[in-house]
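Peer 1: Before I ask anything, let me first share the structure, which is written out below as structure tokens.
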Amino acid sequence: MSTTTTTTELVETKKSGGLTAVAANYIDERTSISTAVKELGRKIFPDHWSFLLGEVALYSFVIILLSGSFLTFFFSASMAPVQYDGSYVPLKGVEMSAAMSSSLDISFDIRGGLLMRQVHHWAALLFVAAIGLHMLRIYFTGAFRKPRELNWVIGFILFILAMAEGFTGYSLPDDLLSGNGLRIIDGMVKGIPLVGTWISYLLFGGEFPGEAIVGRLYSLHILLLPAIIVALIAMHLLFVVVHKHTQYPGAGRTNQNVVGYPVLPVYAAKAGGFFFIVFGVVMLMASLFTINPIWNYGPYDPSPVSAGTQPDWYIGFADGALRLIPPGLEFVWLDHTFSVNILIPLVSLGLFILVVLIYPFIEAWVTGDKREHHILDRPRNAPTRTAIGAAGVTFYAALWTTASSDIIATHFSVTMEGVIHTMQFLTIVGPFIAFFIAKRVCLALQKKDREIVLHGYESGRIVRLPGGEYIEVHQPIDEYERWKLVSYSDYKPLMIRPNAQGKITTGQKVRAGMSRWFFEDRIEPVGNAELEQAHTDRH
Amino acid sequence: MAKDDNSGKDLAAADSSGVGHEGAPAGTAVVVRDAVANPGFPPHRPRVTDLDPSAERRAERTVYTLFYLSIVGSVFAIAAYMAFPIVPEDPGSVRMNNLFIGLGLTLALMAIGIGAVHWGKALMFDHEGIDERHPVRGSDETRTRAVEIFQEAGSESGIGRRTLIRNSLIGALIAFPLPAVVLFRGLGPQDDNPAALLSHTMWKKGTRLALDPTGTPIKASDITLGSAFHVIPEGLQDLEHGRLEEKGKAAVLLMRLKPEDLNELPERKGWSYDGIVAYSKICTHVGCPVALYEQQTHHLLCPCHQSQFDVSNHCEVIFGPAKRPLPQLPIAVDSEGYLIAQSDFTEPVGPSFWERN
Chain W
1 MSTTTTTTEL VETKKSGGLT AVAANYIDER TSISTAVKEL GRKIFPDHWS
51 FLLGEVALYS FVIILLSGSF LTFFFSASMA PVQYDGSYVP LKGVEMSAAM
101 SSSLDISFDI RGGLLMRQVH HWAALLFVAA IGLHMLRIYF TGAFRKPREL
151 NWVIGFILFI LAMAEGFTGY SLPDDLLSGN GLRIIDGMVK GIPLVGTWIS
201 YLLFGGEFPG EAIVGRLYSL HILLLPAIIV ALIAMHLLFV VVHKHTQYPG
251 AGRTNQNVVG YPVLPVYAAK AGGFFFIVFG VVMLMASLFT INPIWNYGPY
301 DPSPVSAGTQ PDWYIGFADG ALRLIPPGLE FVWLDHTFSV NILIPLVSLG
351 LFILVVLIYP FIEAWVTGDK REHHILDRPR NAPTRTAIGA AGVTFYAALW
401 TTASSDIIAT HFSVTMEGVI HTMQFLTIVG PFIAFFIAKR VCLALQKKDR
451 EIVLHGYESG RIVRLPGGEY IEVHQPIDEY ERWKLVSYSD YKPLMIRPNA
501 QGKITTGQKV RAGMSRWFFE DRIEPVGNAE LEQAHTDRH
Chain G
1001 MAKDDNSGKD LAAADSSGVG HEGAPAGTAV VVRDAVANPG FPPHRPRVTD
1051 LDPSAERRAE RTVYTLFYLS IVGSVFAIAA YMAFPIVPED PGSVRMNNLF
1101 IGLGLTLALM AIGIGAVHWG KALMFDHEGI DERHPVRGSD ETRTRAVEIF
1151 QEAGSESGIG RRTLIRNSLI GALIAFPLPA VVLFRGLGPQ DDNPAALLSH
1201 TMWKKGTRLA LDPTGTPIKA SDITLGSAFH VIPEGLQDLE HGRLEEKGKA
1251 AVLLMRLKPE DLNELPERKG WSYDGIVAYS KICTHVGCPV ALYEQQTHHL
1301 LCPCHQSQFD VSNHCEVIFG PAKRPLPQLP IAVDSEGYLI AQSDFTEPVG
1351 PSFWERN
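Residue numbers (the numbering used here), protein chains in the order written: chain W, 1 to 539; chain G, 1001 to 1357.
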């Protein structure tokens, strides 16, 4: 089949002649590139601002690769002690690791070096943030539904890997702050039963801090993790091509089409331009705002530490979880120490992550819906899902806020104990409150949508009737706007029925319970009959 | 492929609520019988640049001006690289270098980006296109053929029939990565036992307490009431190897309280000297240095996770995630009046670990 395509292309290109045609012909005869152009060149991508979040993540990763490659030419991943002899006067003559010394050289002795370091760090912060927001967009619009469940899993692994990249990179300069971060990791690892002591020992190549860890993290940071991330991003994007992009509900859009702009030329111009905008914004931040001033912290030493230090933002939730643990949760049993104060954060964060990872499969099991979904849900039209998301966000936000408990206490002149107790309360009760509020808000918005569809929108025009009564005139909405409000999937709770053996299994009962929890409160989309009825009432 | 907008009218009947292509089960989804019909695409709205030729020319001018500006930015960045060199020992020059190269690059990048997006939005053909979707699953023929291929491969290789070959291969494939796992034992030194290493520090009977970081020995008479000192064992600074490792375990805080404020355990009566007490500085939670001393309340605060220890009550935990009190270093005074350790710590310092008991 490709032969015919190639021949036609050939005939066409030969006709037009010129260098471009010759080059195109040369390449196509060796790569069959025309097939790819035919398949992808006019591929349609729908437009929406929220679709840009994933692009921001992708572009910041490219920026990280570019700036990081530059940094590798100057960074020395060694913990061998050296005397600092660079341009930064306050640290002259101080003994530090070669890693710290070379990081200072990048900052103070290489023109544009500090800029590249700051581009790298800002882009890394943006990378994790963009992935997080992208995941929230996917979650709240139900874009993880069939056939995209596996791509959710890939994206989720990318999120974890991005945090791992962030942490390994943060530790490389071997400054006081990053060393303390590693110290905390060491302490947490040692709290793991049975294997913790050994894992720490092997990780650090002996006792903490040792002289091995920076070199090892460097291998992970620039080789292993980026290789896995690049491979997973390739898969992630391949799936986007295979599935074709989702679209928001809108007039003319169906589950069987994609409406938007073709890759060539509009999408290429807009997405390509957007790469430069993201790069430009990161560059602007790197020019104007200092990030991670390691020269202020000094080299790592296990004894000093400064108060009010914070990890990079994406590690905050884990640090907060450690702070929330009440006193006394550790015991010795059978000659071994059980560090419950470490295990509770590890296990609960692990479970939280697991639930996020498998959520698409849970929801698919509850609904039993095996159809493909390419039209996104407006968050209000899946109230329970949105409420679960709000609860998760609240839980994460509470942990994250707790990572700044000391700063909150000093800035607002409140007691440390008061802040921790408040955050303990919010971490546990906050998600329930958020769930309730979000669900009610969703249902209220759905009711409002119904109201608008049936009785029109409030025009703001007040009319006095002959009888003296004042009314506000409601204007009916046009059919295109109406379509957005009435076209959504609606589910009802599962009815339990005995199976072929006449039994009701426990699995069925659990599923029915979950289904009731999900879909008990539901607002049906407006149908034709209701619309007609409302129409007649109005006249 | 890309069609004009209103050709979508024929799609109006198609339901967008997600009814599957090939009748896949809808689960508990409600299929609405009298659903409102999809009205098809709304009429196309032309842009200002489509209607007003002068607006179009203006947009064109904006786009190429931006691209030229980008070139200016690149040139500026190169010029800044040369015009703002780093002067040794002048941090201000680093700031200028960073700022002007950065701003030049920002202009170079932003101008390309905004120009390209503006071109795409204001000037390029703006009628939306439509792609048809097809089910992600392969067609029935494709799937049948795929199954056939596996069956053919199975029978041609005999992998299902020759179970001994199959099982031994599975075994071999499981076994061969194991040596690689074993190799990772080499990440840590060979003959040491981590739990044993964690259980002792550099302190031993007679080691003088010295100031951190100078290493000057401390006389008991230098410790005034209410003061706190960061302490290391004398000789730490002279170690050839493992200085940070030893410091990570041996760092000590030295404080002097009024003897009547100290509520000492009976078995530790002889561990202090005239109100001077020495405690490990390494937090028993995850190992941060417990560096903040509140003189009035005699509390120690860990800046990492806010565990608080009460020095007057043998450093027991009064708040925060730590469980164990900070280990106490028994101290005494030698014949010259210097503070010395009576022995090593009597328990492992720092974070808990599995083998600790």
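Backbone N, C-alpha and C define an ideal beta-carbon position, used for all residues, glycine too.
Note that the structure is a prediction, hence the values are computed from the model and not measured.
1) As an exercise, report each continuous alpha helix (DSSP H) stretch of at least 4 residues that is fully enclosed by the region 1176–1204 of chain G, in chain order.
2) Taking the alpha-carbon positions, what's the K43 of chain W to F140 of chain W distance?
3) Would L232 of chain W and I154 of chain W qualify as a contact pair, given that the criterion is a beta-carbon distance under 7 angstroms?
4) Need the endpoints of the alpha helix (DSSP H) that R145 of chain W sits in, please.
5) Which chain G residues sit within Cβ distance under 8 angstroms of F208 of chain W?
6) Determine, using beta carbons only, whether M188 of chain W comes closer than 7 angstroms to chain B.
7) Looking at the unbroken alpha helix (DSSP H) that takes in A1210 of chain G, where does it start and where does it end?
8) Give the residues of chain W in contact with K1323 of chain G, contact being defined as C-beta atoms less than 9 angstroms apart.
9) My parser needs the beta strand (DSSP E) runs of 3 or more residues fully inside the region 408–468 of chain W; what are they?
10) Kindly list the residues whose CB is nearer than 8 angstroms to the CB of G468 of chain W, restricted to its own chain and excluding five residues on each side of it in sequence; keep chain order.
11) I'd like to know whether the C-beta of G54 of chain W is nearer than 7 angstroms to at least one C-beta of chain G.
12) Could you check how far apart the C-beta atoms of G273 of chain W and D1034 of chain G are, in whole angstroms? I think they sit under 8 angstroms.
13) According to DSSP, is S1343 of chain G part of a helix, a strand, or is it coil?
14) Anything in chain G within Cβ reach of S178 of chain W, meaning under 8 angstroms, just list it in chain order.
15) Rank G:I1165, G:G1102, G:E1128 by C-alpha distance to the C-alpha of P1046 of chain G and give the top, closest one.
16) For F289 of chain W, which three-state DSSP category applies?
17) Quick one: which chain W residues come within Cβ less than 7 angstroms of T1106 of chain G?
18) Across which residues does DSSP place M1255 of chain G in a beta bridge pair?
19) Cutting at 8 angstroms between CB atoms, please list the residues of its own chain near E1060 of chain G, excluding the five before and the five after it.
20) Whose C-alpha, out of W:L426, W:S34, W:L357, W:Q424, is nearest the C-alpha of L136 of chain W?
21) Assuming Q1296 of chain G and C1315 of chain G form a contact by the criterion Cβ under 8 angstroms, report the distance between their Cβ atoms to the nearest whole angstrom.
22) Are three or more beta carbon pairs between the region 1099–1111 of chain G and the region 1058–1072 of chain G nearer than 8 angstroms?
23) Please give me, in chain order, every unbroken run of the beta strand (DSSP E) with length at least 3 that falls completely inside the region 259–342 of chain W.
24) Please compile the residues from chain G whose C-beta is within a distance smaller than 7 angstroms of the C-beta of N257 of chain W.
25) Give the interface partners of M416 of chain W over in chain G, defined as CB-CB distance under 9 angstroms, in chain order.
26) If we count the other Cβ atoms within 10 Å of its Cβ and call it buried at 16 or more, is E330 of chain W buried or exposed?
27) Quick one, are the C-beta atoms of H243 of chain W and P147 of chain W less than 7 angstroms apart?
28) Please give me, in chain order, every unbroken run of the beta strand (DSSP E) with length at least 3 that falls completely inside the region 1028–1076 of chain G.
29) Would a check of beta-carbon distances place E1089 of chain G closer than 7 angstroms to chain W?
30) Could you check what DSSP says for I1318 of chain G in three-state terms: helix, strand or coil?
31) Would you identify the three-state DSSP class for N257 of chain W, choosing helix, strand or coil?
32) Restricting to Cα atoms, I'd like to know which of W:S404, W:S219, W:I477 is closest to C1304 of chain G.
33) So, helix, strand or coil for D175 of chain W, using DSSP?
34) Of all the options W:A24, W:L53, W:E363, which has the alpha carbon lying nearest to the alpha carbon of L494 of chain W?
35) Is F395 of chain W near the ligand GTP, going by C-beta to nearest heavy atom under 6 angstroms?
Peer 2: Taking the definition as stated:
1) 1178–1183, 1194–1198
2) 26 angstroms
3) Against a cut-off of 7 angstroms, the Cβ pair of I154 of chain W and L232 of chain W comes out as a contact.
4) Looking at the DSSP string, R145 of chain W is not in any alpha helix (DSSP H), and its letter there is neither H nor E.
5) E1245, G1248, G1287
6) Checking the listed chains, one finds no chain B in this structure; the protein chains it contains are W and G.
7) Segment 1209–1211 is the beta strand (DSSP E) holding A1210 of chain G; no alpha helix (DSSP H) there.
8) Near K1323 of chain G (Cβ distances below 9 angstroms), the residues of chain W are P327, G328, L329, E330, F331, S339, V340, N341.
9) List check, beta strand (DSSP E) in window: 457–464.
10) none
11) no
12) Not really, about 45 angstroms apart at Cβ, beyond 8 angstroms.
13) Of the three classes helix, strand and coil, the one that applies to S1343 of chain G here is coil, per DSSP.
14) Below the 8 angstroms Cβ cutoff, chain G contributes no neighbours of S178 of chain W, its closest Cβ being approximately 13 angstroms away.
15) G:E1128
16) coil
17) G280, M283, L284, S287
18) G:A1228, G:V1277
19) L1123
20) The shortest C-alpha separation from L136 of chain W is found at W:L357.
21) Rounded, the Cβ-Cβ distance is 17 angstroms, inconsistent with contact.
22) yes
23) 331–333, 336–338
24) L1011, I1130, D1131, E1132, R1133
25) L1301, Q1306, Q1308, F1319, G1320
26) buried
27) yes
28) none
29) yes
30) I1318 of chain G carries a strand assignment under DSSP once its states are collapsed to helix, strand and coil.
31) strand
32) W:S404
33) strand
34) W:E363
35) This structure simply doesn't include the ligand GTP, nor any ligand for that matter.
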